[in-house]
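J.:
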Amino acid sequence: MMIEIDNLVKSFGKTKALDGISLRIGDSEIYGFVGANGAGKTTTMRIISGLIPADSGKVIINGLDSVKNIKQIKSKIGYVPDYFGVYDNLRVTEYMEFFAAAYDLTGREVEKRCLRLLDELGLGDKPDFFVDDLSRGQKQRLGLARALVHNPDILVLDEPTSGMDPKGRIETRDILRRLNEEGKTIIISSHILHEISELVTGLAVIEKGKIVMSGSIESIETKMHIENPIIMKV
Ligand code: ATP
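My numbering runs 398 ahead of the 1-based position in the sequence shown.
(1) Indicate the three-state DSSP secondary structure (helix, strand or coil) for Lys347 in the structure shown.
(2) What are the partner residues of Tyr360, as DSSP defines its beta bridges?
(3) Run the CB neighbour count on Phe431, radius 10 Å, all protein chains shown included, and call it buried at 16 or more, exposed below.
(4) Nearest CA to the CA of Lys570: which residue from Pro550, Asn578, Thr559 and Glu579?
(5) Expressed to the nearest angstrom, what Euclidean distance is found between the alpha-carbon atoms of Gln470 and Ala452?
(6) Would you mind stating whether Leu493 and Val529 have Cβ atoms separated by less than 7 Å?
(7) Can you find the residues in the same chain that come closer than 6 Å, C-beta to C-beta, to Asp526, ignoring five residues on each side of it along the sequence?
(8) Can you give me the start and stop residues for the beta strand (DSSP E) that Ile403 sits inside?
(9) May I have all residues whose beta carbon comes closer than 6 Å to any heavy atom of the ligand ATP, sorted in chain order?
(10) When the Cα atoms are used, what is the spatial distance from Lys621 to Val603?
(11) Cutting at 7 Å between CB atoms, please list the residues of its own chain near Arg637, excluding the five before and the five after it.
(12) Output the distance between the C-alpha atoms of Gly455 and Ser473, rounded to the nearest integer angstrom.
(13) Are the CB atoms of Thr583 and Ser420 within a distance shorter than 7 Å?
(14) How far does the alpha helix (DSSP H) with Gly436 in it reach, from first residue to last?
(15) Which of the three DSSP states is assigned to Gly461 in this structure?
(16) Per DSSP, what kind of secondary structure is Ser612 in: helix, strand or coil?
(17) My output table needs one value for Lys621: the three-state DSSP class, helix, strand or coil.
(18) For the beta strand (DSSP E) holding Tyr477, just list the boundary residues, first then last.
(19) If you count every other CB in all the chains shown that lies within 10 Å of the CB of Tyr429, and 16 or more means buried, which is it?
(20) Please return the same chain residues whose Cβ sits closer than 6 Å to the Cβ of Thr491, not counting the five positions on each side in sequence.
(21) Considering Cα atoms alone, identify which of Ile594, Met562, Met611 and Thr413 is closest to Ser533.
(22) Bridge partners for Ser454 per DSSP, in chain order?
(23) Which residues mark the beginning and the end of the alpha helix (DSSP H) in which Leu387 is found?
Dropping the structure here:
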């Protein structure tokens with residue numbers, strides 16, 4: 399088992415964001431988190447990625463406790479947040495090199511790798527654009543390029559297709575499939591089940607900081623049709 403998540407609890411002040419999240423994500427899976435606003439998806443993903451600590455509970459990745467081995471874990475994970483904001487005034491290449499430097503990756507080879515990743519993600523003609531001038535879909539792809547800069551084994555993507563048009567969604571899905579075929583384990587979140595249902599190998603439905611359903615996409619879809627037909631239609 400590549401990722402073992404055991405009873406994560408996290409509060410922000412009086413808000414209990416996670417109330418005992420446990421699950422297993424296998425090697426080379428594409429695993430989905432589905433839930434409404436505020437369900438706890440981002441908090442779970444940020445804890446898995448080692449960006450914030452849990453109050454209690456553990457994440458074990460390839461047998462390593464993520465808190466005790468934080469440096470190793472961060473080198474294995476690429477995290478794509480659902481916002482951009484403060485980096486908007488950088489040019490695309492500067493943005494890539496900034497994040498490469500955060501992994502101590504600098505020099506000519508790294509510059510070439512950044513350009514290759516931009517190319518692979520359909521941004522090969524945009525190296526001198528300001529991040530702010532990219533479309534939403536292009537920004538999402540830049541976020542993905544940035545998360546791949548240190549060639550991580552695991553990609554964690556927070557709502558990578560939200561607000562995208564159908565073409566952008568299909569393109570993103572194809573890119574993620576390709577990365578998965580290359581051996582990367584992928585964790586992806588969405589508000590909407592059908593946005594990721596064709597892509598994922600397993601899924602957890604999160605509500606108020608708890609997993610209310612998990613399993614294969616077929617088993618979840620069957621349960622949702624019976625228990626919550628409204629979510630299916632959103
Ligand atoms: P969304 O789909 O809207 O992004 P989500 O499922 O990702 O939602 P989280 O962002 O994990 O949900 O939030 C879970 C709960 O924790 C929410 O009530 C949120 O307001 C709260 N929360 C998350 N981060 C913080 C923070 N840094 N400070 C205070 N409260 C927070």
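Heads up, the beta-carbon is just placed ideally off N, CA and C, and yes, glycines get one too.
Small disclaimer: the values here were computed from a predicted structure and weren't measured.
T.: Answer, in terms of the structure:
(1) There is no way to answer for residue 347, as the model of the chain reaches only from 399 to 632.
(2) The chain is shown only over 399 to 632; residue 360 falls outside these bounds and no answer can be derived.
(3) Residue numbering aside, residue 431 sits at position 33 when the sequence shown is read from its first letter. By the 10 Å Cβ count, Phe431 comes out buried.
(4) Against the sequence shown, residue 570 aligns to sequence position 172. Per the sequence shown, the amino acid found at residue 570 is Thr instead of Lys. Cα-wise, what sits closest to Thr570 is Thr559.
(5) In the sequence shown, counting from the first residue as 1, residue 470 sits at position 72. In the sequence shown, counting from the first residue as 1, residue 452 sits at position 54. Whole-angstrom Cα-Cα distance: 18 Å.
(6) By one-based count along the sequence shown, residue 493 stands at place 95. By one-based count along the sequence shown, residue 529 stands at place 131. Checking the displayed sequence, the identity of residue 493 turns out to be Tyr instead of Leu. Yes.
(7) Reading the sequence shown from its first residue, position 128 is the one you call residue 526. These residues qualify, in order along the chain: Arg489.
(8) The count along the sequence shown starts at 1 and reaches residue 403 at position 5. From DSSP, the beta strand (DSSP E) with Ile403 extends over Ile401 to Phe410.
(9) Phe410, Thr413, Ala415, Gly433, Asn435, Gly436, Ala437, Gly438, Lys439, Thr440, Thr441 and His589
(10) If you number the sequence shown from 1, residue 621 lands on position 223. If you number the sequence shown from 1, residue 603 lands on position 205. Their backbone Cα atoms lie some 11 Å apart in a straight line.
(11) No statement about residue 637 is possible, as the shown extent of the chain runs from 399 to 632 and does not include it.
(12) Here the question's residue 455 lines up with position 57 in the sequence shown. Here the question's residue 473 lines up with position 75 in the sequence shown. For Gly455 and Ser473, the distance between alpha carbons rounds to 21 Å.
(13) As a first step, residue 420 must be located in the sequence shown, where it is residue number 22. As a first step, residue 583 must be located in the sequence shown, where it is residue number 185. No, the pair does not count as a contact, with Cβ atoms beyond the cut-off.
(14) For the purposes of this step, residue 436 is taken as residue 38 along the sequence shown, with counting starting at 1. Looking at the DSSP string, Gly436 is not in any alpha helix (DSSP H), and its letter there is neither H nor E.
(15) If you number the sequence shown from 1, residue 461 lands on position 63. Gly461 falls in the coil class under three-state DSSP.
(16) One-based indexing of the sequence shown puts residue 612 at position 214. Strand.
(17) Here residue 621 refers to the residue found at position 223 when the sequence shown is read from its first residue. Lys621 falls in the helix class under three-state DSSP.
(18) As a working mapping, residue 477 is identified with position 79 in the sequence shown. It spans Ile475 to Val478 - the beta strand (DSSP E) in which Tyr477 sits, taken as one unbroken run.
(19) Here residue 429 refers to the residue found at position 31 of the sequence shown. Flag for Tyr429 reads buried.
(20) If you number the sequence shown from 1, residue 491 lands on position 93. For Thr491, where only same-chain residues beyond five positions count, the Cβ hits under 6 Å are Pro525.
(21) For the purposes of this step, residue 533 is identified with residue 135 of the sequence shown, where counting begins at 1. Cα-wise, what sits closest to Ser533 is Met562.
(22) Mapped onto the sequence shown, residue 454 falls at position 56. For Ser454, which the question treats as bridged, DSSP gives the partners Val407.
(23) Residue 387 cannot be examined here, being either before or after the span of the chain that is shown, 399 to 632.
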